[in-house]
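Numbering (UniProt numbering), first residue to last: 1 to 200.
Glycine included, every Cβ here is placed at the ideal spot set by N, Cα and C.
This is the structure:
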């Protein structure tokens, strides 16, 4: 499948060149037909294995791979002006104002425990002990996984909102304090992982 797609990419580049060969357009169309035939064959095999209609997957996209969800920078540096303008137009910018104190850390820890519990529940639903899974059982497992996954997302939202609300500007910037740089990297990793879960 990938080799057919690679051939299509190469032949389309040749056909789009300044001086293409006379048969390059025809070759490109042949490669496109090959890819299409491969996709149809792939779906047909999946249909034979599952014995039912293959559900359509709707693609999702994560915008801004270098900046996660509702990054507020925790007061550590300048924000992206494009993002700031977008947020001002839509819902207003909320500057991080919460101070990092014992009470906040206690609340964060409480929310983290709830998040860890919901992740463990999701993990339990991902374990399948049966050797053969019927279509009905497959649907039940899928529904349970989706429900547990939505609970993880619901628990993640207040926790990350609290993390985003912390103003760390009094600690300096990430260039002066390596721990702040690690904090930013770990926060981005959280956004990446939760978006992977959402898209899965």
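Per DSSP, the continuous alpha helix (DSSP H) segment holding residue 159 begins and ends at 135 to 164. In this structure, residue 149 and residue 197 form a Cβ contact; the two beta carbons are roughly 6 Å apart against a cut-off of 8 Å.
For residue 102, the uninterrupted alpha helix (DSSP H) run begins and ends at 102 to 125, by DSSP. Around the beta carbon of residue 10, fewer than 16 other beta carbons lie within 10 angstroms, which makes this residue exposed. In this structure, residue 100 and residue 168 form a Cβ contact; the two beta carbons are roughly 7 Å apart against a cut-off of 8 Å. In this structure, residue 35 places its C-beta atom within 7 Å of the C-beta atom of residue 4. A distance below 6 Å between beta-carbons, with the five flanking residues on each side excluded, links residue 125 to the following residues of its chain, in chain order: 144, 145, 148. DSSP, read as helix, strand or coil, puts residue 22 in coil. By the CB criterion at 7 Å, residue 111 and residue 159 fall inside the cutoff. Between the beta-carbon of residue 122 and that of residue 163 there is about 20 Å, and that puts the pair past the 8 Å contact cut. For residue 98, DSSP records a beta bridge to 166. Residue 105 counts as exposed, since fewer than 16 other beta carbons sit within 10 angstroms of its beta carbon. Counting the other CB atoms within 10 Å of its CB gives residue 129 a total below 16, which places it among the exposed residues. Secondary structure note for residue 128: it is in no alpha helix (DSSP H), with a DSSP letter that is neither H nor E.
Just measuring C-alpha positions, the residue of 48, 45, 12, 154 sitting nearest residue 32 is 12. Contact between residue 28 and residue 17 is ruled out by a C-beta separation of about 11 Å, above the 8 Å threshold.
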